[in-house]
């Protein structure tokens, strides 16, 4: 009896402990290039959004407040990218110590859940502006939006602060890995707690965003049917596009990661995953985390639909470049082209509209 018990214990231990698997060199090269491109596009897009927001002076609305905080969240995230780029350039080897590894993990997931909550606020703000425009006007004041942002940051910090207390870098196959499956394997065994965190941090906000988008779409359809002249102004249509872009960004960037983690946690609660299943989860975790991090480069699309100033600036640059290329081929410009360029150079100073 004692020998059989020892054998079962040994089998269970061998099933739970899998040999380390080092990704191929091509994976580190691709991830290094990916995060380098992400750093460039995120920094340019979010810096431009903040610059144009600051040009507005004291004028602000609730949507602008949420988008400014979203840009700040993305720029804070980019501060952690050089360390990740160096990590992949050194072939999955972290040279900066345990403290910076924990700080990098904290900033990664602070941006993740702070971004989800802020995009939820944008969707709710659009819902109040379109569906409840005459019933809840006070909820859309800039002062209230700032208080909501403070609560969002507090919730995101509380949710991700435990990462600062965990060991995030461990030696694996002669290298020191950071934020890999091997370093969070013990945490993943707390399946019920992590499932609750996924519900609070993603699934519930995603449900709220879906509800807002459905309600906004139904409202706009009724408005277009009852009063076609109102729909021609375009403001309601842009509100619908903004909420749709937010929802698509959440679905494309965040859903694969949370679906991946959720299914693994559920399986782990039912039985002990085999080594092939754990290796497959390692690979999928690397891919879905990378996809989730692209949200900081996609967020400028949200600014494009939300901010009149951002949209007109970007379209103005594109049209000016097109007119410059056409003028190089034709020496004379028509009076209509001159008037169009003049209008593009004079950016409006009015408050952002949606």
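Numbering (the UniProt record's numbering), first residue to last: 1 to 354. Backbone N, C-alpha and C fix where the C-beta goes; we use that ideal spot for every residue, glycine too.
Around the beta carbon of residue 251, fewer than 16 other beta carbons lie within 10 angstroms, which makes this residue exposed. In this structure, the beta-carbon distance from residue 298 to residue 249 falls below 7 Å. Put simply, of 274, 125, 162 the residue whose alpha carbon is nearest the alpha carbon of residue 144 is 125.
Contact annotation, residue 202 with residue 116: C-beta distance approximately 6 Å; criterion of less than 8 Å satisfied. For the options 40, 67, 265, 71, the alpha carbon positioned closest to that of residue 186 is the one of 265. Around the Cβ of residue 245, a 10 Å sphere holds 16 or more other Cβ atoms; the residue is buried. In this structure, 39 is the residue among 256, 274, 267, 39 with its C-alpha nearest to the C-alpha of residue 78. In the three-state scheme derived from DSSP, where H, G and I count as helix and E and B as strand, residue 178 is classed as strand. In the structure shown, residue 171 falls within a strand segment according to DSSP collapsed to helix, strand and coil. Residue 222 counts as exposed, since fewer than 16 other C-beta atoms from the protein chains shown sit within 10 angstroms of its C-beta.
Under the three-state reduction of DSSP, residue 203 is assigned to helix. Annotated three-state conformation of residue 190 is coil, per DSSP. For residue 76, the uninterrupted alpha helix (DSSP H) segment begins and ends at 62-78. Where residue 258 is concerned, the enclosing alpha helix (DSSP H) starts and stops at 255-270. Between residue 114 and residue 156, the CB-CB gap stays under 7 Å.
Here the alpha carbon of residue 30 sits roughly 10 Å from the alpha carbon of residue 24. Taking a 10 Å sphere around the C-beta of residue 74, we find 16 or more other C-beta atoms and assign the residue as buried. The DSSP-derived three-state label of residue 91 is coil.
Excluding the 5 residues flanking it on each side, residue 284 has same chain C-beta neighbours closer than 6 Å at 260, in chain order.
One thing to note: residue 92 has its Cβ no nearer than 7 Å to the Cβ of residue 163. Residue 42 carries a helical assignment under DSSP once its states are collapsed to helix, strand and coil. Within its own chain, the residues whose Cβ lies closer than 7 Å to the Cβ of residue 120, once the five positions on either side in sequence are excluded, are 205, 208, 209, listed in chain order.
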